[in-house]
Each structure stands twice: as C-alpha cells, then as structure tokens.
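**Student:** Residue numbers (the working numbering): 5 to 289. Below you will find the structure I want to go over with you.
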C-alpha cells in the first residue's frame, strides 16, 4: 500500500497459494485408479524459501511461525479417509462428520433417511429463534424456528451414515460429463456457463497429463426451454461450435444436479445417491 498501487478489496484481502484445487485432486485420483497407477504423496520442505519477487513489499514480520505446513497435513489426513481396492478409491469424511455432530450435541439424535422434507420451502414466517447467533444463512437477518429445524435435519441425516463417501471407480472410461441445474429457472443459464467453464478447465488439465479427448464433453440439462435459450448465449454457442461440449437433455429423474438444488423425497434422493456412487463402507448392509 505504501506505493499506492494496491487496490482495496482486490490486492490485499485475497491470498494465493500454489496448492491444488480439490477438483484437481479428484481428477488425478480418478485417472490413477482408471490406469492402475501407484499413488504417492510428498512434501517440499523449502518450497517458499527462494522465491524471486518482482515487487516492493512492505511487511511486519510475525513474532514466530509454527510448523504450519505439518499442521495442515495432519488435519487433512484426519478429516479425509482414503481407501483403495480393486473396485476403486473411496473418499469419506467420517471423522469430520462425527465432529460436527459432537459440536452440535446431536450424537444421540434420531437419524433420518434423507436430509430435507420433500418440497420444503423456507419463508420468513414462523416463530423467531430465541438466540439467532447459532444460525447463519440466507435468513440470517431474521432466522425462524423452521429454518433451524431444517438445518438440524441435515445433521440428523449425517447421523444415519457418517461414513458415506464417494467411490472413484476403476471402471472408468475417463469421459467428461457434467450435470447442471439451478433452484430457479432463470439461473440455469449461469449454471450452464459455470459447468462449461469447469469442463473446459478439466479438458486442459487432462491434456497437460497427456490424456486427449477427441469427443465432445457431455453437458446434461433437464430444462428443454432453457436449453434453447442458452443456445443464444455466445459463450455456450462458441464452445459447442468448437466441439468442446455437446448438450444433452436428461429427464428430471436422472438429473444428478437435483440432489443439490431440490428438496427430494426418500426414493428420489436415494436413487440419485446411488447414481453418484455414494456409499458407506462402514455399513453392515
């Protein structure tokens, strides 16, 4: 800030670190299990000691530094469980889920089979919370009792199967597919663009790893009317013409993105969970 080149809210509130995004990690794991590659993890102890700076930086040295990299490593290992077998790699956060339940004092709560009641619609009606400090979300300006009950139900769903996780199957043809949806129709345009950007980035990542995709990536949308509107979007249209993506209509019952945008019933929810290859290796069934 001393040279007045930094911009408020742009240059000094955001911090950047050369660490991998979780989609990158999952992509590499899926690639490794599909090609039956061995996996190893390593850490570079002096990665930040000899960096070349091209700007003048004014800073106040901290009083001391802990072994923070090791602290992050231990926390990551404790929060994620990774299991590998002939079927694939299984990722879960069982310990983290149990810690959340413990913090919320819900370890003894009655479990439920699905996280939200079917057709749940939250509104600004209902009894106000006595202590709104425990609730933070889109209704944080005036949280009501139904909002807290809906949030606690999600934790009761975690209580049912805290060991649920994602199976990255070894039976993988490495075809890029994306499902996009939104909780209101006008936003599906943005969801398609976001999914297209993610597909474009993943395709570039795989190209750097010498995995070439000659066929177009498949982008599934369950709204036919919106799909025709989106063809007028320059970005989506250009990507289709380049052969990067090919849009496909998918029925609502097979729209995997619905699990993140709609309050589904037990049957619909569990059907999508199975299609996402979410399972619990700790379960006896």
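All C-beta atoms in this analysis are idealised placements derived from N, C-alpha and C, irrespective of residue type, glycine included. A quick note: this is a predicted structure, and the numbers were derived from the prediction, not measured.
1. Under the DSSP definition of a beta bridge, which residues are partnered with residue 94?
2. How is the alpha helix (DSSP H) around residue 31 delimited, first residue to last?
3. How would you write the range of the beta strand (DSSP E) that residue 284 sits in, first residue to last?
4. What distance in whole Å lies between the Cβ atoms of residue 206 and residue 31, which are believed to be in contact at a cut-off of 8 Å?
5. Which of helix, strand or coil does DSSP assign to residue 277?
6. Our contact map puts residue 251 next to residue 223 with C-beta atoms below 8 Å; I'd like the distance itself, whole angstroms only.
7. Counting Cβ pairs, one atom from each stretch, are 3 or more of them under 8 Å apart for the region 238 to 252 and the region 90 to 105?
8. Can you list, in chain order, the residues of its chain whose CB lies under 6 Å from that of residue 181, leaving out five sequence neighbours each side?
9. With DSSP as the reference, identify every bridge partner of residue 200, one or two as the case may be.
10. Using the Cα positions of residue 38 and residue 242, report the straight-line distance between them to the nearest angstrom.
11. Can you tell me which of 277, 271 and 270 puts its alpha carbon nearest to the alpha carbon of residue 292?
12. If you count every other CB in all the chains shown that lies within 10 Å of the CB of residue 255, and 16 or more means buried, which is it?
13. Determine the burial state of residue 201: buried for a count of at least 16 other Cβ atoms within 10 Å of its Cβ, exposed for fewer.
14. Along the chain, where does the alpha helix (DSSP H) containing residue 161 start, and where does it finish?
15. In terms of DSSP beta bridges, what is residue 264 paired with?
16. Tell me which same chain residues have a C-beta within less than 8 Å of the C-beta of residue 76, skipping the five on either side of it?
17. The alpha helix (DSSP H) spanning residue 215 covers which residue range?
18. Mapping the DSSP letters down to three states, classify residue 62 as helix, strand or coil.
19. How big is the Cα-Cα spacing for residue 79 and residue 156?
20. Between which residues of its own chain and residue 216 is the CB-CB distance below 6 Å, once the five residues before and five after are set aside?
21. Compute the distance between the beta-carbons of residue 172 and residue 33, then report whether it is under 7 Å.
22. Please report the straight-line C-alpha distance between residue 93 and residue 194, rounded to a whole angstrom.
23. Per DSSP, which one or two residues make a beta bridge with residue 225?
24. If you count every other CB in all the chains shown that lies within 10 Å of the CB of residue 112, and 16 or more means buried, which is it?
25. Quick one: what's got a C-beta closer than 6 Å to residue 286's C-beta in the same chain, skipping five residues either side?
26. Sort 23, 97 and 58 by Cα distance to residue 162 and report the nearest one.
27. Helix, strand or coil, according to DSSP, for residue 272 in the structure here?
28. Looking at residue 281 and residue 118, is the spacing between their C-beta atoms short of 7 Å?
29. At what residues does the alpha helix (DSSP H) containing residue 239 begin and finish?
**Tutor:** According to the structure shown:
1. Here residue 94 refers to the residue found at position 90 of the chain shown. DSSP output for residue 94 lists 87 and 171 as bridge partner(s).
2. As a working note, residue 31 is residue 27 in the chain shown. That run of the alpha helix (DSSP H) goes 26 to 39.
3. To locate residue 284, count along the chain shown from 1; it is residue 280. Its beta strand (DSSP E) spans residues 282 to 284.
4. Against the chain shown, residue 31 aligns to sequence position 27. Against the chain shown, residue 206 aligns to sequence position 202. The pair is a contact, with the Cβ atoms about 6 Å apart (cut-off 8 Å).
5. If you number the chain shown from 1, residue 277 lands on position 273. Reduced to three states, the DSSP call for residue 277 is helix.
6. Counted from its first residue, the chain shown places residue 251 at position 247. Counted from its first residue, the chain shown places residue 223 at position 219. Sure, about 5 Å apart at Cβ, within 8 Å.
7. no
8. Looking up residue 181 in the chain shown gives position 177. 222, listed in sequence order.
9. Against the chain shown, residue 200 aligns to sequence position 196. Answer is none; residue 200 lacks a bridge partner.
10. On the chain shown, position 34 is the one that residue 38 refers to. On the chain shown, position 238 is the one that residue 242 refers to. Their Cα atoms are separated by approximately 31 Å.
11. Because the chain in this structure spans residues 5 to 289, residue 292 falls outside the shown range and cannot be described.
12. Residue 255 sits at position 251 when you count from the first residue of the chain shown. It is exposed - the Cβ of residue 255 has fewer than 16 other Cβ atoms within 10 Å.
13. Taking the chain shown and counting its residues from 1, the one referred to as residue 201 is at position 197. Residue 201 is classed as exposed because its beta carbon has fewer than 16 other beta carbons within 10 Å across all chains shown.
14. Position 157 of the chain shown, counted from the start, is the residue given in the question as residue 161. Where residue 161 is concerned, the enclosing alpha helix (DSSP H) stretches over 149 to 164.
15. Walking along the chain shown from the start, residue 264 turns up at place 260. BP columns for residue 264 are empty, so no partner.
16. Looking up residue 76 in the chain shown gives position 72. Confidence in residue 76 is poor, its pLDDT being 47 and thus under 50, which makes the residue's placement too unreliable to answer from.
17. For this step, residue 215 is matched to residue 211 along the chain shown. Here residue 215 belongs to no alpha helix (DSSP H), and DSSP marks it neither H nor E.
18. Counting from one through the chain shown, the residue named residue 62 turns up at place 58. Reduced to three states, the DSSP call for residue 62 is coil.
19. Position 75 of the chain shown holds residue 79. Position 152 of the chain shown holds residue 156. Because residue 79 carries a pLDDT of 47, less than 50, the predicted location of this residue cannot be relied on, and the following value inherits that uncertainty. Taking the straight line joining both Cα atoms gives about 25 Å.
20. As a working mapping, residue 216 is identified with position 212 in the chain shown. Closer than 6 Å at Cβ, skipping near neighbours: no residue.
21. As a working mapping, residue 172 is identified with position 168 in the chain shown. As a working mapping, residue 33 is identified with position 29 in the chain shown. Closer than 7 Å, so yes.
22. Within the chain shown, residue 93 is the residue found at index 89, counting from 1. Within the chain shown, residue 194 is the residue found at index 190, counting from 1. Residue 93 and residue 194: Cα-Cα distance of roughly 32 Å.
23. Residue numbering aside, residue 225 sits at position 221 when the chain shown is read from its first letter. Looking at the DSSP assignment, residue 225 forms a beta bridge with 253.
24. As a first step, residue 112 is located in the chain shown; it is residue number 108 there, counting from the start. Exposed is the call here.
25. For the purposes of this step, residue 286 is identified with residue 282 of the chain shown, where counting begins at 1. 167, listed in sequence order.
26. Here residue 162 refers to the residue found at position 158 when the chain shown is read from its first residue. Looking at the Cα atoms, 97 is the closest of the given residues.
27. Against the chain shown, residue 272 aligns to sequence position 268. In the three-state DSSP reduction, residue 272 falls in the helix class (H, G or I).
28. Along the chain shown, read from residue 1 onward, the residue named residue 118 stands at position 114. Along the chain shown, read from residue 1 onward, the residue named residue 281 stands at position 277. Cβ atoms of residue 118 and residue 281: not closer than 7 Å.
29. Taking the chain shown and counting its residues from 1, the one referred to as residue 239 is at position 235. It spans 238 to 245 - the alpha helix (DSSP H) in which residue 239 sits, taken as one unbroken run.
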